[in-house]
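> Have a look at this one before I ask anything.
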Amino acid sequence: MTVLLKVFTLLGGLAFFLYGMNVMSGGLGKLAGGSLERSLKTMTKNRFAGMALGAVITIAIQSSSAMTVMLVGLVNSGIMQLGQTIGVIMGSNIGTTLTPWILSLSGVNGTGWIQLLKPENFSPIIAFIGVVLIMMCKKPRKRDIGKIMVGFAVLMYGMTLMGSSVSGLENSKAFTSILTAFENPLLGVLVGAVVTGVIQSSAASVGILQTLAATGQISYGVAIPIIMGQNIGTCVTALISSIGVNKNARKVAVVHITFNLIGTVVCLCLFYGLHAIFHFAFVATPINAVGISAVHTIFNVFTTALLCPFTKQLERFANFVIRPSKKEETYAFLDERLLGTPSIAVGEASDMTVKMATLARTTILSAINICQRYDQKVADEILKHEDELDLYEDKLGTFLVKLSSRSLSIADSRKVSNMLHTIGDFERLGDHAVNLRKTAEEIHDKHIVFSEDAAAELQNLTNALTEILELTIDAFREHNLEMARHVEPLEQVIDCLISAAKSTHVERLQSGKCTIQNGFVLNDLLTNYERVSDHCSNIAVSLIETSAGSFDTHEYLTEVKEGGSKDYTDLYHAYTKKYALQ
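Under the working numbering, the first residue of the sequence shown carries the number 28, and numbering increases by one thereafter.
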């Protein structure tokens, strides 16, 4: 019965450890926000910068496995190339060594203030402060910090439980005999790999080994192969995630496991070769938590230093293992593996939405241009672009809905909300481009020519519509709220221009200067122009509503509805003057 209770305690401690790490990594990821995604774009071009980035991100999300899964998703989406990920993978292996060092503090000995360095002594204080921050603070950032602190305390409580579950094993002959079997290096590597693969966390696996080492029955000779095996076991998650992805993404998992296999083989051969010559005395001595952390760090740093000059060779080997197919490689629109790291997912979704916005602007401007000078090739491209915009809306909308259910920082949550609100407007811009294309085709086929006055009005209106499109897309792309503020006053001016154009058309019709046929075509143009400007207004207002700008959002939206602000009025009059609105 006592043995059964100890097993339950060990499993319960492991559960607390994994849950605490999950909570802590989630909070760290939210705090990091979009900075992780921005760093990926700028630092992975350089091998050493990529290594530093890999270490930092792994520390932030507390999982080298999650880091590799994220890289698989980025390559599968075509966002990163295989060569860019190799340095990040190497750095990730170094970043994962931090957790064991924190866990090793539990072995600190001493009296007085030194005892406060032991995690089991200071973690209750951290837990209390964390709970206070979660319950008392209104700012999301402080509450996230509170969650990180509580997660760390739960993690350390799990370590304490695991430690208590193995107390007394030092006197167990059965336990001693099992450890004797692990003196076979190959068996040690296998056990380390299997345990880590099953629980899918090298940090938890190392934590278990540190707990067992507290019995004093685990020697360096037993621990070293197990630690090396743990680094192989951490590749299991990446291998599983590579199922169902394109060949380039599968190569990421190949690089990851090749890196750790080569490191293990070289280090085992080097260590036991030197041991055979010099007969290291420490091999038979008991290892402690600090020793385990040191071996874990030395292994990962040495392996990285060894293979760092051979990143090109690792890439070639991955290309050799997974041969390119004759068919063109297809990429996932936005790989759902990215959802595992929401801050990265938000950044990539934002980049994809900007591409959609840019495509919408190009499509509309092309449609406006062929109304003046028809080009069949451009007309065909408009239909193709409209299909692409439909695909963007479908795929992006699905991804963003799933992303919105994840734990996001307040800033990331606002970005997702803004994207969900605006992708429909971008898609509708494509629909209006198709309508304008149809009108342009009618003008071309029927050789319709507008009067000089009508042509001048249309050109003035086209200039205003081009400006509002540029303003809107640039404001969205740069997240520029001051620029977005200009959109609504300009939209009101365009409405007035359209109203004036319709009135003067009626006058020309009555005086016989215009035909009914021209009137129908002109009305189609004006209707689509008006709706395009309306969608621009929707996009700008949504950007402002979902942002914490430097000016009062509520005040601005009141200005839009009531037109009572001097700033708003000044902008309106400036555009009125610019486009000669009488």
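The beta-carbon is built from N, C-alpha and C at its ideal position, and this holds for glycine as well.
With burial defined as no fewer than 16 other Cβ atoms inside 10 Å of the residue's Cβ, what is the status of C296: buried or exposed?
Here the question's residue 296 lines up with position 269 in the sequence shown. Flag for C296 reads exposed.
> Let's test the definition: count the other Cβ atoms within 10 Å of the Cβ of T312 and tell me whether it reaches 16, buried, or not, exposed.
What you label residue 312 is simply residue 285 of the sequence shown in a count that begins at 1. Burial call: exposed.
> Take the Cβ of M162 as the centre, count every other Cβ of all protein chains shown within 10 Å, and call the residue buried at 16 or more, exposed below.
Against the sequence shown, residue 162 aligns to sequence position 135. Its Cβ having fewer than 16 others within 10 Å, M162 is exposed.
> Taking the Cβ atom as the reference point for each residue, do K442 and S377 lie within a distance shorter than 8 angstroms?
Residue numbering aside, residue 442 sits at position 415 when the sequence shown is read from its first letter. Residue numbering aside, residue 377 sits at position 350 when the sequence shown is read from its first letter. Yes, they are a contact pair.
> Alpha carbon to alpha carbon, how far is R558 from H283?
The sequence position of residue 558 within the sequence shown is 531, counting from 1. The sequence position of residue 283 within the sequence shown is 256, counting from 1. If I take the Cα positions, the gap works out to 51 angstroms.
> With 16 other CB atoms within 10 Å as the buried threshold, where does F75 fall?
Within the sequence shown, numbered from 1, the residue matching residue 75 stands at position 48. Under this definition F75 is an exposed residue.
> Should V279 go down as buried or exposed, given a rule of 16 or more other Cβ atoms within 10 Å for buried?
Here residue 279 refers to the residue found at position 252 when the sequence shown is read from its first residue. Result: buried.
> How should I152 be labelled, buried or exposed, when 16 other C-beta atoms within 10 angstroms of its C-beta is the threshold for buried?
Mapped onto the sequence shown, residue 152 falls at position 125. I152 is exposed by the Cβ-count criterion.
> Which of the three DSSP states, helix, strand or coil, is assigned to P313?
Sequence index remark: in the sequence shown, residue 313 carries index 286 (1-based). In the three-state reduction of the DSSP assignment, P313 falls in the strand class.
> What is the residue span of the alpha helix (DSSP H) that Q227 lies within?
As a working mapping, residue 227 is identified with position 200 in the sequence shown. Segment: none, Q227 is in no alpha helix (DSSP H) and carries neither H nor E.
> Going along the chain, which residues of its own chain have a beta-carbon closer than 7 angstroms to the beta-carbon of I113, five neighbours each way excluded?
What you label residue 113 is simply residue 86 of the sequence shown in a count that begins at 1. Taken in chain order, the residues that qualify are V282, T338, L341, E342.
> Determine, using beta carbons only, whether S228 and S436 come nearer to each other than 8 angstroms.
As a first step, residue 228 must be located in the sequence shown, where it is residue number 201. As a first step, residue 436 must be located in the sequence shown, where it is residue number 409. Their beta carbons are not under 8 angstroms apart, which means S228 does not touch S436 by this criterion.
> Would you kindly report the start and end of the unbroken alpha helix (DSSP H) that includes E210?
Start at 1 with the first residue of the sequence shown, and residue 210 comes out as number 183. Neither: E210 is in no alpha helix (DSSP H) and is coded neither H nor E.
> Apply the 10 Å Cβ neighbour rule to F309 and answer buried if 16 or more other Cβ atoms are within range, or exposed otherwise.
By 1-based counting over the sequence shown, the position of residue 309 is 282. Exposed, by the Cβ-count rule.
> Does the distance from the C-beta atom of N462 to that of N346 stay below 8 angstroms?
Within the sequence shown, the letter at position 435 stands for residue 462. Within the sequence shown, the letter at position 319 stands for residue 346. Cβ distance not < 8 angstroms, so N462 and N346 don't count as in contact.
> So, helix, strand or coil for S393, using DSSP?
One-based indexing of the sequence shown puts residue 393 at position 366. Three-state result, S393: helix.
> Considering only C-alpha positions, which residue in the set H459, T531, G215 is nearest to D480?
Against the sequence shown, residue 480 aligns to sequence position 453. The option with the nearest alpha carbon to D480 is T531.
> How many Å lie between I289 and I267 at the Cα?
As a position in the sequence shown, residue 289 is number 262, starting the count at 1. As a position in the sequence shown, residue 267 is number 240, starting the count at 1. Their Cα atoms are separated by approximately 20 angstroms.
> Could you tell me the alpha carbon to alpha carbon distance between M189 and G318, rounded to whole angstroms?
Residue mapping note: residue 189 aligns to position 162 of the sequence shown, counting from 1. Residue mapping note: residue 318 aligns to position 291 of the sequence shown, counting from 1. Distance between the alpha carbons of M189 and G318: 19 angstroms.
> Look at A460 and I571 and say whether their C-beta atoms are less than 8 angstroms apart.
For the purposes of this step, residue 460 is identified with residue 433 of the sequence shown, where counting begins at 1. For the purposes of this step, residue 571 is identified with residue 544 of the sequence shown, where counting begins at 1. No. Outside cutoff.
> Give a yes or no on whether the C-beta atoms belonging to N73 and T331 are separated by under 8 angstroms.
Stepping through the sequence shown from its first residue, residue 73 is reached at position 46. Stepping through the sequence shown from its first residue, residue 331 is reached at position 304. No. Outside cutoff.
> Please determine if the region 412 to 431 and the region 360 to 370 are in contact, where contact requires at least 3 C-beta pairs separated by less than 8 angstroms.
yes
> What is the rounded straight-line gap between the Cα of V102 and the Cα of R388?
Within the sequence shown, residue 102 is the residue found at index 75, counting from 1. Within the sequence shown, residue 388 is the residue found at index 361, counting from 1. Cα to Cα, the separation comes out at about 28 angstroms.
> For Y299 and S320, I'd like the C-alpha separation in whole angstroms.
Sequence index remark: in the sequence shown, residue 299 carries index 272 (1-based). Sequence index remark: in the sequence shown, residue 320 carries index 293 (1-based). Taking the straight line joining both Cα atoms gives about 20 angstroms.
> Return the bridge partner residues of S246 from the DSSP annotation.
As a working note, residue 246 is residue 219 in the sequence shown. Partner(s): P313.
> Is it right to say K174 is buried, meaning 16 or more other beta carbons lie within 10 angstroms of its own, or is it exposed?
On the sequence shown, residue 174 is found 147 positions in, with the first residue counted as 1. K174 comes out buried.
> Is it true that the region 594 to 608 meets the region 485 to 493, where meeting means three or more beta-carbon pairs spaced less than 8 angstroms apart?
yes
> What is the rounded straight-line gap between the Cα of V225 and the Cα of G215?
Position 198 of the sequence shown, counted from the start, is the residue given in the question as residue 225. Position 188 of the sequence shown, counted from the start, is the residue given in the question as residue 215. When rounded, the distance between both Cα atoms is 16 angstroms.
> Can you have a look at E509 and say buried or exposed, based on whether 16 or more other CB atoms are within 10 angstroms of its CB?
The residue given as residue 509 occupies position 482 in the sequence shown. That one is exposed.
> Within 10 Å of its beta-carbon, does G234 have 16 or more other beta-carbons around it, so buried, or fewer, so exposed?
Residue numbering aside, residue 234 sits at position 207 when the sequence shown is read from its first letter. By the 10 Å Cβ count, G234 comes out buried.
> The alpha helix (DSSP H) that contains R455, what's its start and end?
The residue labelled residue 455 in the question sits at position 428 within the sequence shown. 437 to 472 is the extent of the alpha helix (DSSP H) around R455.
> Our contact map puts S192 next to L37 with C-beta atoms below 8 angstroms; I'd like the distance itself, whole angstroms only.
Residue mapping note: residue 192 aligns to position 165 of the sequence shown, counting from 1. Residue mapping note: residue 37 aligns to position 10 of the sequence shown, counting from 1. Rounded, the Cβ-Cβ distance is 4 angstroms, consistent with contact.
> Would you mind reading off the limits of the alpha helix (DSSP H) that contains C294?
In the sequence shown, residue 294 corresponds to position 267, counting from 1. For C294, the enclosing alpha helix (DSSP H) begins and ends at 274 to 305.
> For H600, is the classification buried or exposed, using 16 other Cβ atoms within 10 angstroms of its Cβ as the cut-off for buried?
For the purposes of this step, residue 600 is taken as the residue at position 573 of the sequence shown. When all chains shown are included, H600 counts as exposed.
> According to DSSP, simplified to helix, strand and coil, what is R400?
As a working note, residue 400 is residue 373 in the sequence shown. Three-state DSSP puts R400 in coil, outside helix and strand.
> Please list the terminal residues of the continuous alpha helix (DSSP H) segment that includes K339.
To locate residue 339, count along the sequence shown from 1; it is residue 312. 338 to 348 is the span of the alpha helix (DSSP H), which, as asked, contains K339.
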